[in-house]
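J.: Once you've had a glance at the structure underneath, I'll fire off some questions.
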C-alpha cells in the first residue's frame, strides 16, 4: 500500500512540473527571433540626410512665405489707406448732399412766390437760375454720393481680404516653424548622435576667384564667412541658411535679391553648367530647396544644413538643378 501511495505522489509531481514548464515555454516572449536589428551607421546616415533635406525644404518654404507675408502686409496697409480715404470722401459727400437737399427744399418751397414778386425780369431770371442750379447740383451730389458708397464698400472688402491673407500667412508660418523645430530636435536625438561624428570637419580654405566684377566680389566676400554656423531662416551676420548667404553676399555689392531660393531662381539669367562663372547661383534638387555660390573649378561655397557651417564643397555632392547669373 505504502509503495503504491509513493508511486502515485511521484507521478502527480512529475505531471505538475511538466505542465508548469510547458506553460512557461508557451507564454515566454520570443525576443531573439522577432526583435528588430539595430540600424547600421549607413542606414542612420541615410535617415539623417533625409531629415536634413526635409528641414531645408521646409526652411525655403518658410522663407518664401515670409516674403509673401511682407507683401501681404504692404497690400493690407495700402488697402487700409484706401479705405480711410474712401470713408472720409463718403462722409464729406453725405454732408454736402444734406446741404444741397436742404437748400433745394427751402428754395423750391419759396420759388413760386419769389418768382411772382420779382420786381423786374432780371431779378426773375436770377431766382430761376439759382433754383435750377441748386436742383442740378443736388442731383449731381446724389450721384456722387452713390458712387462714394460703392467705392467705400469695395475698399472695405479689399481691406478685409488683405488682412485675412496676412492672418492666414502668420498661422502658416507658425505651423511651419513648429515642424522645422520638431525635425531639428529629432536629428539631435541620441539615436542619430553617432552620425554627427561622421560629418567631415570644415576647414577654412583660401581659393583664387577669377574676375573683378560684382559677381566675383560677392564670392570673395562669401569666402570670408566660412565656418559660420548654419541656422534656418538666418541671413547674417553671424549665421546663415543657404539662401540667406546668397542674399547677404550680393547685398555687399549693392544688388538686392530675396531671401528665398524660389525668388533667386528667377532673379537673373539661366546659364548652362558648362558656361558657369564665379558668382553664379547653383541650385539643387527638383524643388530648388538648396542654393550655393559658384567659385569655379567645380566648387561652390554654401551653408549646407543644420549642425554644419558655411564651407566650400564640390558641386557633385548634390543633384544639380541649374544655374543663374545675377551679375557679371
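Residue numbers (our numbering): 833 to 1160.
By construction, the Cβ of each residue, glycine as well, lies at the ideal position given by its N, Cα and C atoms.
From a predicted model like this one, the values you see are computed outputs, not experimental measurements.
Using a Cβ-Cβ cut-off of 8 angstroms (strictly less than) and excluding sequence neighbours within five positions of residue 921, which residues of its own chain qualify?
T.: Contacts found: 980, 983, 984.
J.: Closest to residue 891 by CA distance: which of 1062, 1024, 1020, 910 is it?
T.: 1062
J.: Per DSSP, which one or two residues make a beta bridge with residue 881?
T.: Beta-bridge pairing links residue 881 to no other residue.
J.: What are the start and end residues of the beta strand (DSSP E) that includes residue 1124?
T.: Unbroken beta strand (DSSP E) run through residue 1124: 1122 to 1128.
J.: Taking 8 angstroms as the cut-off, decide whether the C-beta atoms of residue 895 and residue 1075 are in contact.
T.: yes
J.: Spell out the partners DSSP gives residue 1146 in its beta bridges.
T.: In DSSP, residue 1146 forms a bridge with 1131.
J.: Can you check DSSP and say which residues form a bridge with residue 1157?
T.: 1101
J.: Between the Cα of residue 926 and the Cα atoms of 1104, 1121, 978, which residue gives the shortest distance?
T.: 978
J.: For residue 888, is the classification buried or exposed, using 16 other Cβ atoms within 10 angstroms of its Cβ as the cut-off for buried?
T.: Classification of residue 888: buried, given that the 10 Å Cβ count is 16 or more.
J.: Leaving out five residues on either side along the sequence, give the residues of the same chain with a beta carbon under 6 angstroms from the beta carbon of residue 948.
T.: Unreliable positioning characterises residue 948 in this predicted model, as indicated by a pLDDT of 49, which lies under 50. The coordinate reading is nonetheless provided below. Cβ neighbours of residue 948 beyond the five flanking positions: none.
J.: Using the rule of at least 16 other Cβ atoms within 10 Å of the residue's Cβ for burial, across every protein chain shown, is residue 1108 buried or exposed?
T.: For residue 1108, the number of other beta carbons within 10 angstroms of its own is at least 16, and it is reported as buried.
J.: Can the beta-carbon of residue 1158 be found closer than 8 angstroms to that of residue 1072?
T.: no
J.: In the DSSP assignment, find the unbroken alpha helix (DSSP H) run with residue 1051 in it and report its ends.
T.: 1046 to 1055
J.: Go ahead and pull the three-state DSSP assignment for residue 1067.
T.: strand
J.: With distance defined between alpha-carbon atoms, name the residue in 986, 996, 1155, 1136 nearest to residue 1094.
T.: 1155
J.: Do residue 1022 and residue 1058 have their beta-carbon atoms positioned less than 8 angstroms apart in this structure?
T.: no
J.: Is it the case that the Cβ atoms of residue 1160 and residue 1080 are separated by a distance below 8 angstroms?
T.: no
J.: Quick one, are the C-beta atoms of residue 1085 and residue 1050 less than 8 angstroms apart?
T.: yes
J.: If we ignore side chains and look at the alpha-carbon of each, how far apart do residue 996 and residue 1003 end up?
T.: 11 angstroms
J.: For residue 1115 versus residue 1097, is the C-beta distance shorter than 8 angstroms?
T.: Yes, the Cβ-Cβ distance between residue 1115 and residue 1097 is below 8 angstroms.
J.: When you compare only the Cα positions, how much space is there between residue 930 and residue 975?
T.: 13 angstroms
J.: Mind checking whether residue 987 and residue 907 have CB atoms under 8 angstroms apart?
T.: Against a cut-off of 8 angstroms, the Cβ pair of residue 907 and residue 987 comes out as no contact.
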